[in-house]
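Here the sequence shown is numbered in the numbering used here, starting from -4 and rising by one per residue.
For each residue, glycine too, the CB sits at the ideal point set by N, CA and C.
One structure is given here, and the rest of the page talks about it.
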Amino acid sequence: MSHAMHPYFFLSGEFDPDEITRRIGIQPSWVKRIGDPGPPGATGPRLGAEWGWQPKDDDSDDVGDQLAFLAGSL
């Protein structure tokens, strides 16, 4: 059984996800902000931000093609 692999670009740290969106010029697939609720079982709010983007237009089964598409989109 084969599963298709899809690349994504992901940043994490202490930043404002809106600033990353403005600088890169790509709408993210997901964001998590500092202060958002933490994951299940966390003892407090999220201490770091996340900004992630996964292209939806790449249907290639070749990982090299997918990474080239991702790099070209950035």
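query	result
Top-ranked residue by Cα proximity to ILE21, from THR38, PRO32, TRP46	TRP46
Residues sharing a beta bridge with GLY47, DSSP	PHE5, TRP25
Test item: CB-CB of LEU65 and PRO2 under 9 Å	yes
Segment limits, alpha helix (DSSP H) that includes THR16	12 to 19
Rounded separation between ASP11 and LYS27 - CA only	10 Å
Unbroken alpha helix (DSSP H) run spanning ALA76, endpoints	For the chain, the structure presents residues -4 to 69; residue 76 sits outside this window and is missing.
Straight-line gap, ASP13 to ASP31 (C-alpha atoms, nearest Å)	14 Å
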